[in-house]
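If you're matching them up, the sequences are chains A and B in order. In terms of the numbering used here, the first sequence opens at residue 1 and continues consecutively. In terms of the numbering used here, the second sequence opens at residue 1 and continues consecutively. Encoded as structure tokens, the structure appears first; notes follow it.
There are 2 protein chains.
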Amino acid sequence: MTETGTGLPPVVELLWGLRDRGRRGGPRPALSLDRIVGAAVELADTGGLAALSMSRLAEGLGFTTMSLYRYVSSKDELLVLALDAAIGPPPENAPDAGWRAGCEAWAAALMEVYRRHPWALELPISALPAGPNQLGWLDRVLAALGGTALAEWEKMSSALMLATYGRTQAQLMVDLTRATRRAAETGTPAPDWGAIITRLADRDRFPALARAAAAGAFGPDGPADSMDEFGAEEFGFGLARLLDGIEALDRGRRG
Amino acid sequence: MTETGTGLPPVVELLWGLRDRGRRGGPRPALSLDRIVGAAVELADTGGLAALSMSRLAEGLGFTTMSLYRYVSSKDELLVLALDAAIGPPPENAPDAGWRAGCEAWAAALMEVYRRHPWALELPISALPAGPNQLGWLDRVLAALGGTALAEWEKMSSALMLATYGRTQAQLMVDLTRATRRAAETGTPAPDWGAIITRLADRDRFPALARAAAAGAFGPDGPADSMDEFGAEEFGFGLARLLDGIEALDRGRRG
DNA sequence: TAAGACTGTGTATGACCTACTCTAACTCGT
DNA sequence: ACGAGTTAGAGTAGGTCATACACAGTCTTA
Chain A
1 MTETGTGLPP VVELLWGLRD RGRRGGPRPA LSLDRIVGAA VELADTGGLA
51 ALSMSRLAEG LGFTTMSLYR YVSSKDELLV LALDAAIGPP PENAPDAGWR
101 AGCEAWAAAL MEVYRRHPWA LELPISALPA GPNQLGWLDR VLAALGGTAL
151 AEWEKMSSAL MLATYGRTQA QLMVDLTRAT RRAAETGTPA PDWGAIITRL
201 ADRDRFPALA RAAAAGAFGP DGPADSMDEF GAEEFGFGLA RLLDGIEALD
251 RGRRG
Chain B
1 MTETGTGLPP VVELLWGLRD RGRRGGPRPA LSLDRIVGAA VELADTGGLA
51 ALSMSRLAEG LGFTTMSLYR YVSSKDELLV LALDAAIGPP PENAPDAGWR
101 AGCEAWAAAL MEVYRRHPWA LELPISALPA GPNQLGWLDR VLAALGGTAL
151 AEWEKMSSAL MLATYGRTQA QLMVDLTRAT RRAAETGTPA PDWGAIITRL
201 ADRDRFPALA RAAAAGAFGP DGPADSMDEF GAEEFGFGLA RLLDGIEALD
251 RGRRG
């Protein structure tokens with residue numbers, strides 16, 4: 001058994017590097033947790049989560065599969081570590097830009113992280129964040145929200161909303177680019193969600209949906225059609241509403 | 001090959017039951033897609049996504065594993081079908097309750113769906129919704145938003161935000177109950193995220209986080225601690241902000 | 001220098017998804 | 001009524017995956 005006595009869950013200890021008790025014997029380790037996690041991130045970056053198997057990972061490192069289990073107790077544990085590593089340190093806040101701009105920059109940076117590591121979107125968000133990088137990001141958005149008069153728990157809730165927004169928006173971006181790229185590769189036209197909906201949205205059964213489809217709320221002329229236009233209007237709509245809502249509360253709090 | 005000539009993607013055809021060309025020969029089918037999908041939902045409901053394997057599913061139905069592949073081309077396809085089936089038909093809108101109450105009720109109903117089928121939260125949201133039930137839900141929230149002066153694409157974006165909110169909130173609920181239940185079963189105390197954060201949030205490295213932790217933004221006294229209090233304050237905070245933001249835009253639009 | 005601990009290896013197991021083949025059942029046109 | 005064609009489900013088998021376990025070699029420490 002590996003007793004470290006911190007009382008923290010094992011994954012958290014690994015995340016924070018609290019397992020580095022000095023060696024008490026045995027061969028000098030040729031591998032390291034950092035190398036493993038780094039290689040895992042790289043592998044997932046290039047081939048997606050499906051490409052990240054313990055055997056492929058070990059092979060890439062030049063070790064046997066089972067050697068990885070000296071550093072990680074399960075693949076799930078490794079995924080948690082890889083996620084925190086992929087997220088990386090948070091961006092610095094511009095100190096005097098106002099809380100709203102700070103939140104916007106933070107959300108944009110988060111989306112950029114997901115764009116670079118799309119496999120992070122495939123991971124089910126199982127537990128609340130506990131890694132140093134995840135907490136770093138959380139700290140930064142809480143700091144940005146420090147410019148408001150919200151209570152601390154309200155800032156926390158707002159931070160969660162912002163993080164979710166970034167994740168969702170990144171998901172849309174990634175899906176779109178994937179579909180576009182696949183269409184270009186295979187020659188088949190990209191399955192056009194707008195066209196599909198327009199076809200399926202029966203006017204009697206789905207009146208509101210049919211109206212939206214007819215108005216081009218999605219589809220070839222919708223604002224979310226091409227990657228280029230993606231940033232223009234629709235991109236920031238949800239974020240703007242969310243920040244408006246926070247701003248309204250802030251104004252109310254200030255009296 | 002199975003040419004149906006609708007031009008729709010294969011999964012979509014299955015979702016909408018467009019594959020029911022009459023039989024042209026062969027034994028009378030003893031299985032059916034509906035039975036398979038229904039059993040899959042049931043299996044996932046009781047044992048989670050991990051319990052849903054093609055072999056277990058077939059065994060429960062009294063058929064061989066490979067027989068399922070006469071109805072479904074891959075497990076992924078089955079998951080899409082199971083998801084739409086689990087979601088079920090949308091709730092009816094109260095006609096004259098106002099758009100805000102409508103959206104709130106819709107979000108609550110969505111969370112209830114996720115509570116009943118927590119495995120749906122484990123599915124990576126791969127593509128945009130296209131199943132009849134998913135489109136039904138989308139139609140209902142668009143209808144509720146019909147009470148605003150928003151443009152159609154703005155309603156669509158708002159609907160996405162609301163759906164994401166419901167999903168995220170359900171995720172939190174499910175995580176919480178899971179942790180609580182596991183703690184009760186094993187006797188070990190539930191890993192208290194608040195306590196962990198409080199321990200890890202160094203005042204110098206994570207000042208804003210440390211402040212939040214000190215204020216009890218999470219932790220034993222935080223609003224999200226027990227399942228009972230969960231609904232009280234924090235529960236609706238994000239939704240309220242979101243709806244405030246939409247309402248502000250609506251007021252602006254109305255002049 | 002002996003004891004003990006630890007690292008990486010090799011082997012093995014069971015679960016999983018799914019491609020392919022085969023047999024028997026059923027429909028339809030004649 | 002019958003033969004041709006089609007299909008449903010069974011059976012087999014292959015490949016990948018996560019991981020449990022035992023072993024041999026290597027380094028620290030007393």
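Yeah, the Cβ is synthetic: ideal placement off N, Cα and C, and Gly gets one too.
ask   = Can you find a CB in chain A that lies within less than 8 Å of the CB of residue 212(B)?
value = yes
inquiry  = Strictly under 8 Å for the Cβ-Cβ distance: is residue 200(A) near chain B by that measure?
reply    = Yes, its Cβ sits closer than 8 Å to a Cβ of chain B.
message = Quick check on residue 8(A): does DSSP put it in helix, strand or coil?
response = coil
request  = With distances taken Cα to Cα, identify the nearest neighbour of residue 152(A) among 241(A), 113(A) and 250(A).
outcome  = 250(A)
inquiry  = In whole angstroms, give me the CA-to-CA distance for residue 104(A) and residue 239(A).
reply    = 8 Å
key: Collapsed DSSP secondary structure at residue 158(B) in the structure displayed   = helix
inquiry  = Quick check on residue 226(B): does DSSP put it in helix, strand or coil?
reply    = In this prediction, residue 226(B) scores a pLDDT of 43, lower than 50, which makes its location untrustworthy; the coordinate-derived value is nonetheless stated afterwards. Of the three classes helix, strand and coil, the one that applies to residue 226(B) here is coil, per DSSP.
ask   = So, is the C-beta of residue 98(B) closer than 8 Å to a C-beta in chain A?
value = no
task = Taking residue 114(B) as part of the alpha helix (DSSP H), name the residues at either end of that continuous run.
result = That run of the alpha helix (DSSP H) goes 99 to 116.
query = For residue 102(B), which of 25(B), 145(B) and 110(B) has the nearest alpha-carbon?
reply = Cα-wise, what sits closest to residue 102(B) is 145(B).
Exposed unless 16 or more other CB atoms sit within 10 angstroms - verdict on residue 73(B) = Result: exposed.
request  = Check the Cβ-Cβ distances between residue 16(A) and every residue of chain B, and say whether any is below 8 Å.
outcome  = Output row for residue 16(A): interface = yes.
ask   = Hey, is residue 127(A)'s beta-carbon within less than 8 Å of any beta-carbon in chain B?
value = yes
query = The alpha helix (DSSP H) spanning residue 55(A) covers which residue range?
reply = 54 to 61
inquiry  = I'd like the list of long-range same chain contacts for residue 119(B), defined as Cβ closer than 6 Å, with 5 residues on each side in sequence excluded.
reply    = 44, 48 and 49
message = So, with DSSP's three-state summary, where would you put residue 1(A)?
response = The predicted model places residue 1(A) with a pLDDT of 41, which falls under 50 and marks its position as unreliable, so this point remains unresolved.
query = In chain A, which residues lie with their C-beta within 7 Å of the C-beta of residue 74(B)?
reply = Residues of chain A passing the Cβ test: none, with the nearest at roughly 13 Å.
request  = Please specify which runs of the alpha helix (DSSP H), each continuous and at least 4 residues long, are wholly inside the segment 119 to 189 of chain B, giving them in chain order.
outcome  = Taken in chain order, the complete alpha helix (DSSP H) segments of 4 residues or longer contained in the segment 119 to 189 of chain B are 132 to 145 and 152 to 186.
ask   = In this structure, does DSSP put residue 16(B) in helix, strand or coil?
value = coil
For residue 123(B) and residue 79(B), believed in contact at Cβ under 8 Å, the rounded distance = Cβ-Cβ separation between residue 79(B) and residue 123(B): approximately 6 Å, consistent with a contact (criterion under 8 Å).
request  = Below 8 Å on the Cβ atoms is my guess for residue 209(B) versus residue 84(A); work out the distance and round it to an integer in Å.
outcome  = Actually they are not in contact, since the Cβ atoms of residue 209(B) and residue 84(A) sit about 15 Å apart, beyond 8 Å.
request  = For residue 167(A), count neighbouring C-beta atoms within 10 Å of its own C-beta (all shown protein chains included) and say buried if the count is 16 or more, exposed if not.
outcome  = buried
ask   = When you check each C-beta in the segment 233 to 248 of chain A against every C-beta of chain B, which residues fall closer than 8 Å?
value = Residues of the segment 233 to 248 of chain A that bring their beta carbon within less than 8 Å of a beta carbon in chain B comprise 233, 234, 237, 238, 240, 241, 242, 243, 244, 245, 246 and 248, in sequence order.
message = So, does the segment 130 to 139 of chain A touch the segment 11 to 27 of chain A, judging by three or more C-beta pairs under 8 Å?
response = yes
query = Would residue 87(B) count as contacting chain A if we go by Cβ distances under 8 Å?
reply = no
inquiry  = Once DSSP output is grouped into helix, strand and coil, what is the label at residue 246(B)?
reply    = helix
The segment 166 to 181 of chain A: positions lying closer than 7 Å to chain B by Cβ = Of all residues in the segment 166 to 181 of chain A, only 168, 171 and 175 place a beta-carbon less than 7 Å from a beta-carbon of chain B.
key: Assumed close pair residue 37(A), residue 81(A) - CB separation to whole angstroms, cut-off 8 Å   = 5 Å between Cβ atoms; contact.
query = How would you list, in chain order, the residues of chain A whose beta-carbon sits under 7 Å from the beta-carbon of residue 12(B)?
reply = 196
request  = Use the C-beta contact count for residue 39(B): other C-beta atoms within 10 angstroms, 16 or more gives buried, fewer gives exposed.
outcome  = buried
message = Applying the 10 Å Cβ sphere with the 16-neighbour rule, what's the burial state of residue 158(A)?
response = buried
inquiry  = Assuming residue 35(A) is part of the alpha helix (DSSP H), what are its boundary residues?
reply    = 33 to 47
query = Cβ of residue 156(B) within 8 Å of Cβ of residue 212(A)?
reply = yes
ask   = At least one CB of chain A closer than 8 Å to the CB of residue 164(B): is that the case?
value = yes
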